[in-house]
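Q: Mind looking over this structure? Questions follow.
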Amino acid sequence: MGVVKAAMGGALVGDIMRSFKAIKERLRKLQPSLPLGKSRILAMRPSSTIIEKWRFCIFAFFIGYIFLLYCLKHDHQSVKLSAYGNIVVTMTSSNDSDRHIPAIDMVYTAPENVVETMASSKDSDRHDPAIDMVDAAPENVVETMTSSNDHNNVYAAPGNIAITMRSSIGSDKHPAADDDDMQFLLPSKVREHGRKIMKKKDRCNIFDGKWVYDPKSRPLYHGSQCPFLSDQVSCQRNGRPDSEYEKWRWEAKGCQIPRFNGTNMLERLRDKRVVIIGDSINRNHWESLVCLLYSAIPSSRAEIDMDVNFKSFRSTEYNCSVEYYWSPFLVQLKQNQELGRVLTLDKLSDWERSCRGADVMIFNSGHWWLHNVQRWELFQYRGKLWDNMKIRSAFLKAMKTWARWIDHNVDKRSTKIFFRGLTALHYSKEWCYNRKQPIKDESFQFLNPIGDIVESIIGRMRTPVTYLNVTRLTQYRIDAHTSVYTIRQGKLLTPKQRRKPHFYADCSHWCLPGVPDTWNSLLYASMVMDDSSDSTFSI
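Numbering (full-length UniProt numbering), first residue to last: 1 to 539.
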């Protein structure tokens with residue numbers, strides 16, 4: 001359109017110039033026939049006036065023409081920029097879900113926030129594309145094509161557009177549901193300090209650092225200050241002879257981590273409700289946080305409720321509560337009389353009804369997915385039963401269910417979400433029994449088989465989630481597990497059982513005081529650091 005307008009403008013200028021030359025030539029021919037003197041001067045005046053008018057018209061036209069070209073050029077650049085700017089188009093089509101033909105999702109992604117969504121589905125309840133949206137990193141163009149025949153191809157090129165295409169033509173045989181396993185894990189904007197936005201260069205990565213022996217400032221409390229600590233984690237009370245594991249402090253590289261202040265954290269949580277949801281490692285997390293807060297107030301101003309699957313601490317002075325809900329998978333696991341234990345990947349467990357409206361939510365999941373002893377007989381997904389689904393694929397589907405609930409039910413203006421990463425296990429070759437020092441070899445690495453899935457999910461959510469990536473800092477703390485100073489089936493290990501550590505040592509859970517106190521120190525640091533950032537909600 002701009003080229004056509006320019007051509008028309010150029011033709012118009014040519015016509016005007018030719019007309020001007022013809023008038024000038026005609027006036028020149030008329031001038032000799034006029035008498036000299038006053039009559040000729042009078043005759044020249046009209047000619048000069050006409051010429052001046054035409055000059056003015058031509059000058060004005062040129063100014064208008066230049067302005068028109070500028071506008072056309074600017075408009076063209078704006079259109080060009082918008083293609084790479086802030087438009088997200090999601091096209092979803094889903095047909096015949098009973099035959100397991102999931103949606104074909106095409107996502108054109110860019111760094112901004114305007115979203116246009118077009119959806120077509122014969123049965124919209126059968127497929128929620130909310131989490132299928134992809135926020136590609138600015139340097140990547142990824143086209144992913146997935147099919148049930150495992151013909152997986154990934155093509156990358158420079159740019160800023162991500163195109164995700166999924167197709168799966170199933171049958172009554174129900175093949176393993178791995179259609180969105182690895183292909184979902186496109187480059188993510190999530191970083192170790194858990195912001196959905198790209199991490200600022202000057203922002204401290206508090207999860208990148210080293211352990212420093214600091215007996216003057218650690219532990220942050222003594223076990224005697226927490227009479228409600230469970231036998232599972234009370235290593236000193238259970239007879240562990242050494243206590244050096246309590247005296248290590250995590251130090252970040254290149255920046256100072258704010259020191260934990262229980263009174264200040266209680267003030268930040270005044271009139272607020274904190275819920276911690278997950279497996280027994282998150283119960284470990286809850287016990288640590290409650291001990292840190294409990295030791296900062298008079299015991300008479302605290303209320304403790306201890307149940308099997310629910311625990312609660314409440315400070316009457318600050319009118320705040322910290323609650324724990326047992327849910328190792330986050331999704332529903334139920335016993336079926338005929339089928340056995342069924343893990344439903346697209347339905348959350350009971351915590352979602354109890355935790356609505358909380359001000360702070362801290363989640364974890366992972367250890368029960370990776371246990372050597374399988375905790376389920378069948379998976380259920382979209383009304384179908386599966387017995388051969390890969391663990392990573394099942395975990396991904398469960399995490400997408402969790403993320404959907406967060407995006408649809410949590411008000412990011414009033415609720416802060418945290419997800420704590422997988423903590424290291426120390427079994428087999430590097431195992432925890434009788435270890436009294438952290439691992440000093442920085443090349444040692446605990447393999448986290450699901451960490452990329454968690455980061456990918458969090459990075460694509462509409463609701464900001466802070467990722468507490470404690471995997472690395474726990475991988476060095478082989479000395480801080482409960483080992484044989486713990487319980488088994490509700491009873492303390494006997495001296496005879498302790499002499500068989502290969503059978504009885506617990507290298508998953510952590511002694512308290514100990515490593516989980518560092519998780520809560522980093523949780524507190526995240527709150528303090530968010531206050532100085534441009535976050536929409538601070539604590």
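Glycine is no exception: its CB is placed at the ideal position from the N, C-alpha and C atoms. Here the structure is a predicted model, which is why all the values come from computation and not from measurement.
#1: Starting from V308, trace the beta strand (DSSP E) in both directions and tell me its first and last residue.
#2: To the nearest angstrom, how far is it from the Cα of T474 to the Cα of T415?
#3: Return the chain-ordered list of same chain residues with a C-beta closer than 6 Å to the C-beta of W326, the five sequence neighbours on each side being excluded.
#4: Name the residue from P215, L523, Q232 and E338 whose alpha carbon lies nearest to the alpha carbon of L512.
#5: Kindly indicate which three-state DSSP category C57 falls into: helix, strand or coil?
#6: Name the one or two DSSP bridge partners that C320 has.
#7: If you draw a straight line from the C-alpha of S167 to the C-alpha of I458, how long is it?
#8: Cα separation between S121 and K347?
#9: Does DSSP put F395 in a helix, a strand or coil?
#10: Just to confirm my understanding: we take W368, look at its own chain, exclude 5 residues before and 5 after, and list those with CB closer than 7 Å. What are they?
#11: Check W431 in the structure and name its three-state DSSP category.
#12: Between the Cα of Q497 and those of V275, S483, I66 and K253, spot the shortest distance and give me the residue it belongs to.
#13: Whose C-beta lies closer than 7 Å to the C-beta of C355 among residues of the same chain, with five residues either side of it excluded?
#14: Work out the CA separation of V322 and R270 for me, nearest whole Å.
#15: Buried or exposed, going by whether 16 or more other CB atoms sit within 10 Å of the CB of T117?
#16: Roughly how many angstroms lie between the CA atoms of R392 and I450, to the nearest whole one?
#17: Let's see if you can read the secondary structure: which residues bound the alpha helix (DSSP H) around I478?
#18: Can you tell me where the beta strand (DSSP E) with F363 in it begins and where it stops?
#19: Can at least three beta-carbon pairs, one atom from the region 279-288 and one from the region 297-305, be found at a separation below 8 Å?
#20: Helix, strand or coil: how does DSSP classify S483 here?
#21: In whole angstroms, give me the CA-to-CA distance for G366 and L422.
#22: Give me, in chain order, the residues of the same chain whose beta-carbon lies closer than 7 Å to that of N336; leave out the 5 immediate sequence neighbours on both sides.
#23: Is the Cβ-Cβ distance between A394 and F379 less than 8 Å?
#24: Do you know offhand how far I417's Cα is from C226's?
#25: Mapping DSSP to helix, strand and coil, what is R413?
#26: Beta-carbon within less than 7 Å of E244's beta-carbon, same chain only, minus the 5 sequence neighbours each way: which residues are those?
#27: Here's a check: name, in chain order, each residue in its chain whose Cβ is nearer than 6 Å to the Cβ of P219, leaving out the five neighbours to either side.
#28: Based on DSSP bridge pairs, tell me the residues matched to N336.
#29: Should A505 go down as buried or exposed, given a rule of 16 or more other Cβ atoms within 10 Å for buried?
#30: Whole angstroms are fine: how far does the CA of F56 sit from the CA of F62?
#31: Within a Cβ cutoff of 6 Å, which residues of the same chain sit near A358, ignoring the five residues on either side of it in sequence?
#32: Out of G223, L289 and K253, state which residue places its alpha-carbon closest to the alpha-carbon of V212.
#33: Would you list the one or two residues that DSSP bridges to R237?
#34: Taking just the CA atoms, how far does S508 sit from N364?
#35: Locate the beta strand (DSSP E) running through I277, then write down its first and last residues.
A: From the atom records:
#1: Neither: V308 is in no beta strand (DSSP E) and is coded neither H nor E.
#2: 27 Å
#3: N309
#4: Q232
#5: helix
#6: S315
#7: At S167, the pLDDT of 36 sits below 50, so the modelled position is not reliable and the matter cannot be decided from this model.
#8: The pLDDT assigned to S121 is 36, lower than 50, so where the model puts this residue is not dependable; a value taken from the coordinates is nonetheless given after this. Cα to Cα, S121 sits roughly 21 Å from K347.
#9: helix
#10: D279, P328, F329 and R375
#11: coil
#12: S483
#13: V275, I277, Y325 and M361
#14: 11 Å
#15: Legend: pLDDT at T117 = 34, less than 50; position of this residue unreliable, no value from coordinates given.
#16: 7 Å
#17: Segment: none, I478 is in no alpha helix (DSSP H) and carries neither H nor E.
#18: V360 to F363
#19: no
#20: strand
#21: 6 Å
#22: V342
#23: yes
#24: 27 Å
#25: coil
#26: K436
#27: E246 and P513
#28: G340
#29: buried
#30: 10 Å
#31: R273 and V275
#32: K253
#33: According to DSSP, which records beta bridges pairwise, R237 is partnered with nothing at all.
#34: 14 Å
#35: R273 to G278
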